[in-house]
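Everything on this sheet refers to the single structure shown next.
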Amino acid sequence: MRAASTTGLQDAGAPPRGPSVRSKLLGLQVLRFVAAFFVVLFHLGVSLQAEFGNRTNIFRNGAVGVDIFFVISGFIIAYTTDPKTGALYFVRRRLMRIVPLYWTLTAGIAVLAMLKPDLLNSTVVNGETLIKSLFFIPFAKANGAVQPILFLGWTLNYEMFFYATYAACLALGQRSPLVPAAIIVLLVAAVSLVKLDYVPWRFYTNPLMLEFVLGIGLYLLYRRSPAIFHGRSLPIFLMFVAAMALRAPLLEIHWLVANGIPAVLLVAAVLPWAPAPTPIVLFMVLLGNVSYSLYLSHPYVLQLAVKLMPDHAGTATQVLLGGAACVLSIALSIVLYFVIERPARLAAPVPKPQ
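Below, the structure is given as structure tokens:
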């Protein structure tokens, strides 16, 4: 998967509790699951290619799920953050959202490395890589990939840097989301002037950071002119479909254009969606809640399932067993959500009344 948070992944369904609570955006909550499942399909295709020598990854466009996550993250952080609650509250909420599950799964990979190191390919677990992984410090593996022990955590490195930038602005009394957005733009622009052979510098000046800015920009437009979005979900969605169809020529311009534009369009398309809380909608919201667990845990379920497939499995068998692995990944993510994520979320601090 190309170097590009997520999911990182922001909690669209859990704005700050207290008097400043804003309404939930159910469309974004459901889209979080869609984005996570895009990534699941992408990695399923990668695994099947590696195991069975398939010519192409039929799910290669699923990689755009990461870009969707980053745009959602920029939007939601700007949408849910109440500057009155302060930087410390913001940091504690973000840490409680991201760290418990990530640290638990990272510890699991570290234990696996001690017991079965041959299963982890290029992943080397030692004191340095473990500390850097746990504290979101980018480092390069032997194969050149800038990934932590839990390899999808590279997106969390971007997320945590975005949170740190936002928190620093809050601590300095800068309440407008335009300030952290401007800092990120300047940082990405600076890489053309300051050439440093330093992994964190190269990592955090990646243009991918601009997808958080796109999310903030979408939030500002939505806040000031919400009528632009209402009643236009279908045409905006059709624009997303067209942008995905044109990804190949768009890639010749820049990968950020090819992935960022479709991500923004899809997020914009779901913003006006306000369905009644039917059982199906509530189940989709639950899937949105577990999307972070699904995102971080699914590669290991898929890898195990692919390894257990019979040699020379045909297309039909790959599709059938791959689909079963996807369902199993979702089931595991629901368990992880209720065992780890939800208790940590409920333990997160509540803002004091102003």
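So in full-length UniProt numbering, the last one in the sequence shown is 354, and the numbering has no gaps at all.
Even for Gly, the Cβ is constructed at its ideal location relative to N, Cα and C.
Quick caveat: nothing in here was measured; it's all calculated off a predicted structure.
Decide if GLU341 is buried, meaning its Cβ has at least 16 other Cβ atoms within 10 Å, or exposed. Start at 1 with the first residue of the sequence shown, and residue 341 comes out as number 341. Buried, since its Cβ has 16 or more Cβ neighbours within 10 Å.
If distances are taken between C-alpha atoms only, which option among ALA242, ILE98, ARG202 comes closest to SER73? For the purposes of this step, residue 73 is taken as the residue at position 73 of the sequence shown. For SER73, the nearest C-alpha among the options comes from ILE98.
Return the CA-CA distance between LEU48 and ALA305, expressed in angstroms with no decimal places. Residue mapping note: residue 48 aligns to position 48 of the sequence shown, counting from 1. Residue mapping note: residue 305 aligns to position 305 of the sequence shown, counting from 1. LEU48 and ALA305: Cα-Cα distance of roughly 10 Å.
Nearest CA to the CA of TRP103: which residue from THR80, PRO83, PHE139, LEU152? Position 103 of the sequence shown holds residue 103. Closest option to TRP103, Cα to Cα, is LEU152.
Ordered along the chain, which non-local residues of its own chain (more than five positions away) have a Cβ less than 6 Å from that of VAL30? Taking the first residue of the sequence shown as 1, we reach residue 30 at position 30. Cβ within range, chain order: MET284, GLY288.
If we ignore side chains and look at the alpha-carbon of each, how far apart do ASP161 and ALA313 end up? Indexing the sequence shown from 1 puts residue 161 at position 161. Indexing the sequence shown from 1 puts residue 313 at position 313. In the sequence as presented, Asp is not what sits at residue 161; that position holds Phe. Approximately 43 Å between the Cα atoms of the pair.
Counterpart residues of ALA140 in DSSP-defined beta bridges: Working through the sequence shown from its first residue, we reach residue 140 at position 140. VAL146, per the DSSP bridge assignment.
Using CA coordinates, which residue listed in ALA189, LEU271, LEU266 is at the minimum distance from SER225? On the sequence shown, position 225 is the one that residue 225 refers to. Answer by Cα proximity: LEU271.
VAL124 and ALA110 look like a contact to me (Cβ under 8 Å); what is the Cβ gap, rounded to whole Å? Taking the first residue of the sequence shown as 1, we reach residue 124 at position 124. Taking the first residue of the sequence shown as 1, we reach residue 110 at position 110. Actually they do not touch by this definition, with Cβ atoms about 11 Å apart.
Grouping DSSP H, G and I as helix and E and B as strand, with all else coil, what is THR56? Translated into positions along the sequence shown, residue 56 becomes position 56. Residue state, collapsed to three classes: coil.
Counting along the chain, where does the alpha helix (DSSP H) carrying ILE236 start and finish? Walking along the sequence shown from the start, residue 236 turns up at place 236. Start and end: 233-245.
By DSSP, does MET209 sit in helix, in strand, or in coil? Taking the sequence shown and counting its residues from 1, the one referred to as residue 209 is at position 209. Here MET209 sits in helix by DSSP.
Taking the CB atoms as reference points, tell me whether VAL267 and PHE203 lie closer together than 8 Å. Here the question's residue 267 lines up with position 267 in the sequence shown. Here the question's residue 203 lines up with position 203 in the sequence shown. The answer is no: Cβ separation not under 8 Å.
Within its chain, find whatever has a CB closer than 6 Å to the CB of ASN157; leave out the 5 residues flanking it on each side and keep chain order. One-based indexing of the sequence shown puts residue 157 at position 157. Within the same chain, ASN157 has close Cβ partners PHE136, PRO138.
Are there 16 or more other CB atoms within 10 angstroms of the CB of PRO262, so buried, or fewer, so exposed? As a first step, residue 262 is located in the sequence shown; it is residue number 262 there, counting from the start. Its Cβ being crowded by 16 or more others within 10 Å, PRO262 is buried.
Residue from VAL46, LEU302, LEU26, GLY62 with nearest C-alpha to ARG55: Translated into the one-based positions of the sequence shown, residue 55 becomes position 55. When each option's Cα is compared against that of ARG55, the closest is VAL46.
In terms of residues, what are the limits of the alpha helix (DSSP H) holding GLY288? Position 288 of the sequence shown, counting from 1, holds the residue named residue 288. Unbroken alpha helix (DSSP H) run through GLY288: 279-289.
Would you decide whether ARG175 is buried or exposed? Buried here means 16 or more other CB atoms lie within 10 Å of its CB. Along the sequence shown, one-based indexing puts residue 175 at 175. ARG175 should be labelled exposed.
Please look up how many angstroms separate the CB atoms of TYR219 and PRO180, rounded, as I've assumed it's under 8 Å. Counted from its first residue, the sequence shown places residue 219 at position 219. Counted from its first residue, the sequence shown places residue 180 at position 180. About 12 Å separates the two Cβ atoms, so there is no contact after all.
Assign ILE149 to buried or exposed, taking buried as 16 or more other Cβ atoms, counted over all protein chains shown, within 10 Å of its Cβ. Position 149 of the sequence shown holds residue 149. With 16 or more other Cβ atoms within 10 Å, it is buried.
Taking all protein chains shown into account, decide if VAL39 is buried (16 or more other Cβ within 10 angstroms of its Cβ) or exposed. In the sequence shown, the residue the question calls residue 39 occupies position 39. Under this definition VAL39 is a buried residue.
Could you give the C-beta distance for VAL264 and VAL71, rounded to a whole number, given that I count them as a contact under 8 Å? Position 264 of the sequence shown, counted from the first residue, corresponds to residue 264. Position 71 of the sequence shown, counted from the first residue, corresponds to residue 71. With a Cβ gap of about 6 Å, VAL264 and VAL71 count as contacting.
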